[in-house]
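Residue numbering for the sequence shown follows our numbering, starting at 4 and increasing by one per position. Glycine residues also receive a C-beta, built at the ideal position from the N, C-alpha and C atoms.
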Amino acid sequence: MIDAHHHLWDLSAVYYPWLMARGVERFFGDPAPIQRDYLINEFRSEATAEGIGASVHIQVGAENSMAEARWVQSVADANSDWALKQVVFVDLTASDLDAQLDSIQSLPSVAGVRQIVGRAPGEDALTGTNTLLDNPAFVAGLQNAGRRGLSFDLQLIPELMEKTANLLALAPDTAVALCHAGSPHDRSGDGLTRWAGELRALSNLPQVRCKLSGLGMFNHNWEPEDFCRIVETCLDQFGPNRVMFGSNFPVDKLYSNYATLAQTYRNLVPREMHQAVFNDTAADFYSIFPVHV
């Protein structure tokens, strides 16, 4: 199995402003329990017990994204028995984008880039990340990444899906991974109906894959049945060959242990789809190859 979405951090090696901001509530809750080091050994001990043998590290708000990328590369180098890929933050609208992409592509573990479009309505109103969609340089940056063979991890909210899909259609050669099933933050029946309707705009684009990840961020006291409709909708719209599993640890560790989370997804995904959802889709998308030791 492959975990296609998790984070690591060493607070003595890389500076993360949000992990240093004590007492600040985030859209996913109180981060206090995870405002500590979360290193590869802890992650591996939790993940390998559930059959995970490879993973994808997703950038997580470092002050210096290249410092984070280099640190993750050092972790990959020191764990040659673990296939670790990474997705790095890059500002796709930057004037020096080519230089930034040259730098990250010098690191063997880099598979793609992420620049968050949306996290949650309240937080987005404060950060202004949604305005990225109005910047013409964003599409050009997406196209540039695709030409270089880099994928794009897309995090946004349902309200932005149609507008974003129109932009992604202009970059058809850029492979896209939709983080957290598109962040369905309204878990009411009507909210999930609206999310499913908006999701069509993205699932209709052949270059988009969908991650079953981060579903606890908007439902902290979840039960397995709370994820059922979301999982079924993603599998119905994308098909198993375009869906992958991600733990979103340690963020989702705020609400669950790894074993419970992994078993919940295994139970909700039909058994005949397991090979695709828990391995093949991520292996193909991120070019993850088995490690032989």
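Requested in this report: For Gly54, name the three-state secondary structure that DSSP assigns.
Outcome: coil
Query raised in the report: Would the beta-carbon of Leu135 fall within 8 angstroms of that of Thr177?
Result: no
Requested in this report: Quick one: using the 10 Å Cβ neighbour count with 16 as the cut-off for buried, is Val296 buried or exposed?
Outcome: Note that Val296 scores 46 on pLDDT, short of 50, meaning its location in the model is unreliable; the coordinates nonetheless yield the value given after this. So Val296 counts as exposed.
Requested in this report: Determine, using beta carbons only, whether Asn292 and Ile5 come nearer to each other than 8 angstroms.
Outcome: The sequence shown places Phe at residue 292, rather than the Asn named in the question. No, the pair does not count as a contact, with Cβ atoms beyond the cut-off.
Query raised in the report: At what residues does the alpha helix (DSSP H) containing Asp193 begin and finish?
Result: Gly192 to Ser206
Query - Through-space distance from Gly185 to Gln76, alpha-carbon basis - result: 28 angstroms
Query raised in the report: So, Arg117 versus Ile43, is the Cβ gap smaller than 8 angstroms?
Result: no
Requested in this report: Give the straight-line distance between the Cα atoms of Leu271 and Arg190, rounded to the nearest whole angstrom.
Outcome: 17 angstroms
**Report entry** As assigned by DSSP and simplified to three states, the class of Ser48
**Finding:** helix
Query raised in the report: Name the DSSP beta bridge partners of Trp12, please?
Result: Tyr41
Query raised in the report: So, are the CB atoms of Cys213 and Cys231 less than 8 angstroms apart?
Result: no
Query raised in the report: Does DSSP put Ser77 in a helix, a strand or coil?
Result: helix
Report task. Tell me whether Ser186 sits in a helix, a strand or coil according to DSSP, three-state version. Result -> coil
**Report entry** Given 8 angstroms, three or more beta-carbon pairs between the region 122 to 135 and the region 76 to 86
**Finding:** no
Report task. Kindly indicate which three-state DSSP category Gln278 falls into: helix, strand or coil? Result -> helix
Query raised in the report: Once you ignore the five residues that flank Pro20 on each side, which residues in its own chain have a CB closer than 8 angstroms to its CB?
Result: Gly64 and Glu66
Query raised in the report: Is the distance from the Cβ of Ala180 to the Cβ of Leu202 below 8 angstroms?
Result: no
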